[in-house]
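Trainee: The following block contains the structure, expressed as structure tokens.
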Amino acid sequence: MPTTSKPDPRTQPLTLAIDIGGSHLKAGVLNLAAEMIAGPRHVETPTPAKPEAVVAALVELARPLGLFDRISVGFPGVVRAGLVLTAPNLRTKDWHRFPLAAELARHLGKPARILNDASIQGLGVISGRGLECVLTMGTGMGFALFENGRLGPHLEMSQHPVKTGRTYDQYVGNAALHDIGAGHWNRRMRKVIGYMKVLVTYDTLYIGGGNARLIKLQLPDNVKLVPNAAGITGGIRLWDKRMAVAFEERAAFM
Numbered sequence: 002m003p004t005t006s007k008p009d010p011r012t013q014p015l016t017l018a019i020d021i022g023g024s025h026l027k028a029g030v031l032n033l034a035a036e037m038i039a040g041p042r043h044v045e046t047p048t049p050a051k052p053e054a055v056v057a058a059l060v061e062l063a064r065p066l067g068l069f070d071r072i073s074v075g076f077p078g079v080v081r082a083g084l085v086l087t088a089p090n091l092r093t094k095d096w097h098r099f100p101l102a103a104e105l106a107r108h109l110g111k112p113a114r115i116l117n118d119a120s121i122q123g124l125g126v127i128s129g130r131g132l133e134c135v136l137t138m139g140t141g142m143g144f145a146l147f148e149n150g151r152l153g154p155h156l157e158m159s160q161h162p163v164k165t166g167r168t169y170d171q172y173v174g175n176a177a178l179h180d181i182g183a184g185h186w187n188r189r190m191r192k193v194i195g196y197m198k199v200l201v202t203y204d205t206l207y208i209g210g211g212n213a214r215l216i217k218l219q220l221p222d223n224v225k226l227v228p229n230a231a232g233i234t235g236g237i238r239l240w241d242k243r244m245a246v247a248f249e250e251r252a253a254f255m
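Position in the sequence shown (from 1) plus 1 gives the number in the numbering used here.
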């Protein structure tokens with residue numbers, strides 16, 4: 002009988018997948034099956050997290066990972082057509098309209114695409130069926146929405162007021178978790194899941210990010226905790242044909 006073997010990684014495009022967070026920068030090299038063949042590596046996010054400092058840290062983070070052909074970046078804020086519009090959890094306005102995709106492509110010599118980090122996480126976990134919502138729990142609360150596998154317009158839910166003038170970031174972000182403790186934070190998360198159910202009427206809700214592991218609630222069958230690694234492995238799908246069309250469509254409006 003004929004034997005089968007895994008394809009040689011160098012016969013397929015390799016993706017440097019980057020996840021930018023308020024506390025850490027992470028990167029790894031993925032093959033087309035979203036298998037990590039180098040990394041992951043991580044370093045603390047520079048303080049202050051100015052664009053030039055973050056780009057320099059990402060270049061150094063990528064150097065030991067070896068060869069790659071393209072770059073995917075998950076960014077904690079609003080991004081369009083390779084430009085950063087907001088970066089609330091990096092705590093500096095210097096990011097406004099910063100061409101992050103172009104700068105990484107220039108420094109690393111490969112084409113780059115950038116998308117909101119919750120959207121990247123979603124690309125790594127969604128089934129592609131029905132209305133699927135993604136929350137990422139880390140420095141703040143990321144949000145993404147997909148319908149039958151197609152990414153919806155980005156909503157910066159993290160900056161929306163949820164209670165007594167507090168945003169979702171302030172209500173269930175990392176600072177709130179440390180202030181009120183895991184037990185109280187879990188009770189808040191129960192409320193947030195309920196709010197999302199009313200707001201979105203999702204078929205499935207996925208919750209990821211570094212703090213998802215602290216959720217100790219009895220969850221409905223259509224609410225799933227997902228690995229934080231999806232924030233990197235989802236980056237491979239930024240280069241799918243469907244996503245390429247979406248990038249061209251959105252760039253046309255910039």
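Ideal Cβ positions, reconstructed from N, Cα and C, are used throughout, including at glycine.
Give me the Cα-Cα distance between G166 and L200, rounded to the nearest whole angstrom.
Mentor: Here residue 166 is taken as the residue at index 165 of the sequence shown, counted from 1. Here residue 200 is taken as the residue at index 199 of the sequence shown, counted from 1. Straight-line Cα distance between these residues: approximately 18 Å.
Trainee: Please specify which runs of the beta strand (DSSP E), each continuous and at least 3 residues long, are wholly inside the segment 196-227, giving them in chain order.
Mentor: 205-209, 224-226
Trainee: Under 7 Å Cβ to Cβ from P257, same chain only, skipping five residues before and after it: list those, please.
Mentor: Because the chain here runs from 2 to 255, residue 257 falls outside it and cannot be looked at.
Trainee: Between which residues of its own chain and N117 is the CB-CB distance below 8 Å, once the five residues before and five after are set aside?
Mentor: Translated into the one-based positions of the sequence shown, residue 117 becomes position 116. Same-chain partners within the cutoff: G75, F76, P77, G78, V79, V80, G143, A145, H155.
Trainee: Let me make sure I understand the geometry here. Which of I233, G174, R238, D241 has the alpha-carbon closest to that of R42?
Mentor: Walking along the sequence shown from the start, residue 42 turns up at place 41. Residue I233 is the option with its Cα nearest to R42.
Trainee: Go ahead and label P89 buried or exposed: buried means 16 or more other beta carbons lie within 10 angstroms of its beta carbon, across all protein chains shown.
Mentor: Against the sequence shown, residue 89 aligns to sequence position 88. The residue in question, P89, is buried, as its Cβ has 16 or more Cβ neighbours within 10 Å.
Trainee: Determine which residues share a DSSP beta bridge with P162 and list them.
Mentor: Within the sequence shown, the letter at position 161 stands for residue 162. For P162, which the question treats as bridged, DSSP gives the partners T168.
Trainee: Per DSSP, K27 is paired with what?
Mentor: Within the sequence shown, the letter at position 26 stands for residue 27. DSSP lists D20, H43 as the bridge partner or partners of K27.
Trainee: Near T183, which residues of its chain fall below 8 Å by C-beta distance, leaving aside the five closest residues on each side in sequence?
Mentor: Numbered from 1 along the sequence shown, position 182 holds the residue referred to as residue 183. Inspection of the sequence shows that residue 183 is occupied by Ala rather than by Thr. Cβ within range, chain order: L215, K217.
Trainee: Are L206 and L136 closer than 8 Å when you measure CB to CB?
Mentor: Locating residue 206 in the sequence shown gives position 205, counting from the first residue. Locating residue 136 in the sequence shown gives position 135, counting from the first residue. Contact flag set, yes.
Trainee: Consult DSSP for P8 and reduce its assignment to one of helix, strand or coil.
Mentor: By 1-based counting over the sequence shown, the position of residue 8 is 7. Below a pLDDT of 50, predicted positions are generally treated as unreliable, and P8, at 44, falls in that range; the measurement from the model is reported next regardless. Looking at P8 - three-state DSSP - the assignment turns out to be coil, as it is neither helix nor strand.
Trainee: By how many angstroms is the C-alpha of G236 removed from the C-alpha of H179?
Mentor: Here residue 179 refers to the residue found at position 178 of the sequence shown. Here residue 236 refers to the residue found at position 235 of the sequence shown. One C-alpha to the other measures close to 30 Å.
Trainee: Only counting the same chain, and skipping five residues up and downstream in sequence, which positions put a Cβ closer than 7 Å to that of K67?
Mentor: Stepping through the sequence shown from its first residue, residue 67 is reached at position 66. Just to set this straight, residue 67 is Gly in the shown sequence, not Lys. Taken in chain order, the residues that qualify are V30, A39.
Trainee: Could you tell me the alpha carbon to alpha carbon distance between K7 and G125, rounded to whole angstroms?
Mentor: Within the sequence shown, residue 7 is the residue found at index 6, counting from 1. Within the sequence shown, residue 125 is the residue found at index 124, counting from 1. Here K7 scores only 49 on pLDDT, less than 50, and its place in the model is too uncertain to base an answer on.
Trainee: Within its chain, find whatever has a CB closer than 8 Å to the CB of P49; leave out the 5 residues flanking it on each side and keep chain order.
Mentor: For the purposes of this step, residue 49 is taken as residue 48 along the sequence shown, with counting starting at 1. Here the set comprises R92, T93.
Trainee: Taking just the CA atoms, how far does M190 sit from N261?
Mentor: It is not possible to answer for residue 261, since the shown part of the chain is limited to 2 through 255.
Trainee: Buried or exposed: where does N149 fall if 16 or more other Cβ atoms within 10 Å of its Cβ makes it buried?
Mentor: Counting from 1 along the sequence shown, the entry for residue 149 is found at position 148. Flag for N149 reads exposed.
Trainee: Does DSSP put A183 in a helix, in a strand, or in coil?
Mentor: Locating residue 183 in the sequence shown gives position 182, where the first residue counts as 1. It is helical.
Trainee: Buried or exposed: where does V173 fall if 16 or more other Cβ atoms within 10 Å of its Cβ makes it buried?
Mentor: Taking the first residue of the sequence shown as position 1, residue 173 is located at position 172. Classification for V173: buried.
Trainee: With a threshold of 6 Å on Cβ separation, who are the neighbours of I127 within its own chain once the five nearest residues in sequence on each side are excluded?
Mentor: To locate residue 127, count along the sequence shown from 1; it is residue 126. E133, F147, listed in sequence order.
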